[in-house]
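Student: Numbering (my numbering), first residue to last: 8 to 441.
Glycine included, C-beta positions come from ideal geometry on N, C-alpha and C.
It should be emphasised that the depicted structure is a prediction, and the values quoted were computed from it without experimental measurement.
I have a structure I would like to understand better, so I am pasting it below and will then ask my questions one at a time.
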Ligand code: PLP
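What follows is the structure, given as structure tokens:
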């Protein structure tokens, strides 16, 4: 199925490419073309009544930058528009976005169901850190969503997976997963970092929440760390009266008895802001929000180029005798090809690919011999990056855990940048043959 990424805003039908440049910003009284950076800690109240009204949510407005900020607000609105959601909450990093999204759903004594194929930080968070908070993580193979059925119980509060997994480069069958989640009335949280809203929009496949590391393709040039949580439209329908989510339906003693589903505001984002961001404080800086806004202006163009380069590189690698296996969903030979056709727009599969060589030593030799690729643990930069996940991002995992999440020791990951594909191929060729 091909998706038409068109969104109605006001009376206009606009492409994502257009909205990425305009959504969420109305020029200020100075006619400022670039979004201003509101670099401030706090905001003056008109008078005491105004201050009290803001705290009581009788009027919405700025209080303190840990809770909200006008530049961050534009970033949140613009990202919400691209993702096709209702509201968003920006955070200090992708990891804090994931943590907040999970603990907004679950508490001590609960469990979450996670894909085995996750970013290394998400695996350690769910398998180790959350355990210390009393939240159990149960794992399913992203290639077999039916496993979820055996893991669900009345304490299950979220199903968490990546649309395009890092670093195993698998494409989740989003609809198969959300179907099971909806049958049990459980929230789905999708990490859409690698695909970005330009290539994949999980809400169109009935996901509830998306999370992103804005540190990747959103900034696009490796400039800043940040994250964002997006809530789908009408999530209130799923939360209201749902016995799994009492904390959204009963008075919050920490916010003078507020019942989040009674406010008329997007409840997941509201609770994330008023309770979690207030108390845990992992807020994004206004300057970083501004950088993310700059990045979003070119996101659509960049994702097309990243994807085209990655496909050419994957095709080259597939033909090379030293390469055992190439993981890129845009390749017809790849087991994720069908899912990529269904879930990604225009057959574009983002810039992340990996390939497997004989063993760790061979991988080390190749990585060290590249000249154009930077040995960096990041993805989504305009400059190409090479990584050896087993010795870096996934170093904390045991051999069994590495195998389970699809990271063999001879695996090399590439985040394909915006250099010419010809140069990228040449450099990898000489490294493979060095
Ligand atoms: N999600 C994915 C898919 C990632 O690749 C990463 C980081 O690499 C994160 C989340 C964490 O993001 P951050 O580094 O912004 O905390």
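What residue from 125, 120, 132 has the CA that sits closest to residue 164's CA?
Tutor: The residue given as residue 164 occupies position 157 in the chain shown. The candidate whose alpha carbon is nearest that of residue 164 is 120.
Student: Could you check what DSSP says for residue 374 in three-state terms: helix, strand or coil?
Tutor: As a working note, residue 374 is residue 367 in the chain shown. Helix at residue 374.
Student: Three or more C-beta pairs closer than 8 Å, one from the segment 93-102 and one from the segment 283-295: is that the case here?
Tutor: Counting Cβ pairs under 8 Å, three or more are found: they touch.
Student: Can you tell me whether residue 357 is helix, strand or coil according to DSSP?
Tutor: As a first step, residue 357 must be located in the chain shown, where it is residue number 350. If DSSP states are grouped into helix, strand and coil, residue 357 belongs with coil.
Student: Check whether the Cβ of residue 126 sits closer than 7 Å to any heavy atom of the ligand PLP, and report yes or no.
Tutor: Within the chain shown, residue 126 is the residue found at index 119, counting from 1. Correct: residue 126 has its Cβ closer than 7 Å to the ligand PLP.
Student: On the DSSP letters alone, give me the boundaries of the alpha helix (DSSP H) that residue 304 sits inside.
Tutor: Position 297 of the chain shown holds residue 304. Residues 293-304.
Student: If residue 227 sits next to residue 306, beta carbons under 8 Å apart, how far is it from one beta carbon to the other, in whole angstroms?
Tutor: Here residue 227 is taken as the residue at index 220 of the chain shown, counted from 1. Here residue 306 is taken as the residue at index 299 of the chain shown, counted from 1. Contact holds; Cβ gap of about 7 Å.
Student: Reducing DSSP to helix, strand and coil, say where residue 40 ends up.
Tutor: Translated into the one-based positions of the chain shown, residue 40 becomes position 33. Residue 40: coil per DSSP, three-state reduction.
Student: Using only CA atoms, which one of 318, 379, 78, 128 lies nearest to residue 356?
Tutor: On the chain shown, position 349 is the one that residue 356 refers to. Ranking the options by Cα distance to residue 356, first place goes to 318.
Student: In whole angstroms, give me the CA-to-CA distance for residue 215 and residue 190.
Tutor: On the chain shown, residue 215 is found 208 positions in, with the first residue counted as 1. On the chain shown, residue 190 is found 183 positions in, with the first residue counted as 1. Residue 215 and residue 190: Cα-Cα distance of roughly 13 Å.
Student: Just to confirm, does residue 169 get its C-beta within under 7 Å of one of the non-hydrogen atoms of the ligand PLP?
Tutor: Against the chain shown, residue 169 aligns to sequence position 162. Correct: residue 169 has its Cβ closer than 7 Å to the ligand PLP.
Student: Roughly how far, in whole angstroms, is the beta-carbon of residue 380 from the beta-carbon of residue 434, given that I think they are within contact range, below 8 Å?
Tutor: In the chain shown, the residue the question calls residue 380 occupies position 373. In the chain shown, the residue the question calls residue 434 occupies position 427. Right, their Cβ atoms sit about 7 Å apart.
Student: Quick check on the burial criterion: 16 or more other C-beta atoms within 10 angstroms. Buried or exposed for residue 188?
Tutor: As a first step, residue 188 is located in the chain shown; it is residue number 181 there, counting from the start. It is buried - the Cβ of residue 188 has at least 16 other Cβ atoms within 10 Å.
Student: From what residue to what residue does the beta strand (DSSP E) around residue 180 run?
Tutor: Translated into positions along the chain shown, residue 180 becomes position 173. Where residue 180 is concerned, there is no enclosing beta strand (DSSP E), given that its DSSP letter is neither H nor E.
Student: Out of curiosity, what's the CA-to-CA distance linking residue 244 and residue 166?
Tutor: Against the chain shown, residue 244 aligns to sequence position 237. Against the chain shown, residue 166 aligns to sequence position 159. The alpha-carbon atoms of residue 244 and residue 166 are separated by roughly 18 Å.
Student: Using the C-alpha atoms, what's the distance from residue 130 back to residue 9?
Tutor: Your numbering for residue 9 matches position 2 in the chain shown. Your numbering for residue 130 matches position 123 in the chain shown. Residue confidence is low: residue 9 scores 41 on pLDDT, short of 50, so the model does not pin down where it sits. No coordinate-derived value is stated.
Student: Write down every uninterrupted run of the beta strand (DSSP E) in the segment 190-236 whose length is 3 residues or greater and which is fully enclosed by it, in chain order.
Tutor: The segment 190-236 contains these whole beta strand (DSSP E) runs: 194-198, 216-220.
Student: Going by the CB atoms, is the gap between residue 71 and residue 442 shorter than 8 Å?
Tutor: This structure does not reach residue 442, given that the chain is present from 8 up to 441, and the question cannot be answered.
Student: Could you tell me which residues DSSP puts in a beta bridge with residue 310?
Tutor: Sequence index remark: in the chain shown, residue 310 carries index 303 (1-based). Note: residue 310 sits in no beta bridge, so no partner.
Student: When you compare only the Cα positions, how much space is there between residue 61 and residue 260?
Tutor: In the chain shown, counting from the first residue as 1, residue 61 sits at position 54. In the chain shown, counting from the first residue as 1, residue 260 sits at position 253. Going from the Cα of residue 61 to the Cα of residue 260 covers about 18 Å.
Student: Tell me whether residue 27 is buried or exposed, calling it buried when 16 or more other Cβ atoms sit within 10 Å of its Cβ.
Tutor: Counting from one through the chain shown, the residue named residue 27 turns up at place 20. Buried is the call here.
Student: Where do the N-terminal and C-terminal ends of the beta strand (DSSP E) with residue 79 fall, by residue?
Tutor: On the chain shown, position 72 is the one that residue 79 refers to. Run containing residue 79: none in the beta strand (DSSP E); it sits in the alpha helix (DSSP H), 77-90.
Student: Sorry if obvious, but does the Cβ on residue 303 come closer than 7 Å to a heavy atom of the ligand PLP?
Tutor: Within the chain shown, residue 303 is the residue found at index 296, counting from 1. Flag unset: Cβ of residue 303 not near the ligand PLP.
Student: Note down the Cα distance separating residue 368 from residue 35, rounded to an integer number of angstroms.
Tutor: Start at 1 with the first residue of the chain shown, and residue 368 comes out as number 361. Start at 1 with the first residue of the chain shown, and residue 35 comes out as number 28. Cα-Cα distance, rounded: 57 Å.
Student: Which same chain residues, not among the five before or five after residue 107, have their C-beta less than 8 Å away from its C-beta?
Tutor: On the chain shown, position 100 is the one that residue 107 refers to. 96, 98, 236, 279, 283, 284, 287, 289.
Student: What beta strand (DSSP E) runs, 3 residues minimum, are completely inside the segment 100-151?
Tutor: Taking only runs of at least 3 residues, the beta strand (DSSP E) segments lying wholly in the segment 100-151 are 118-122, 143-147.
Student: Kindly confirm or deny that the segment 132-148 and the segment 240-259 touch, where touching means at least three C-beta pairs closer than 8 Å.
Tutor: At 8 Å Cβ cutoff, the stretches do not touch.
Student: Would you say the beta carbon of residue 3 is closer than 7 Å to some non-hydrogen atom of the ligand PLP?
Tutor: For the chain, the structure presents residues 8 to 441; residue 3 sits outside this window and is missing.
Student: For residue 381, write down the residues that DSSP places opposite it in a beta bridge.
Tutor: Here residue 381 refers to the residue found at position 374 of the chain shown. DSSP lists 392 as partners of residue 381.
Student: Give the C-beta separation of residue 364 and residue 329 to the nearest angstrom, bearing in mind that I take them to be a contact with Cβ-Cβ under 8 Å.
Tutor: In the chain shown, the residue the question calls residue 364 occupies position 357. In the chain shown, the residue the question calls residue 329 occupies position 322. Yes, residue 364 and residue 329 are in contact; Cβ-Cβ is about 6 Å, under 8 Å.
Student: Going by Cα to Cα distance, which pick from 241, 292, 366 is closest to residue 274?
Tutor: Taking the chain shown and counting its residues from 1, one reaches residue 274 at position 267. Of the listed residues, the one whose Cα sits closest to residue 274 is 241.
Student: How about residue 161 and residue 198: do their beta carbons lie closer than 8 Å?
Tutor: Within the chain shown, residue 161 is the residue found at index 154, counting from 1. Within the chain shown, residue 198 is the residue found at index 191, counting from 1. For residue 161 and residue 198, no; Cβs fall outside 8 Å.
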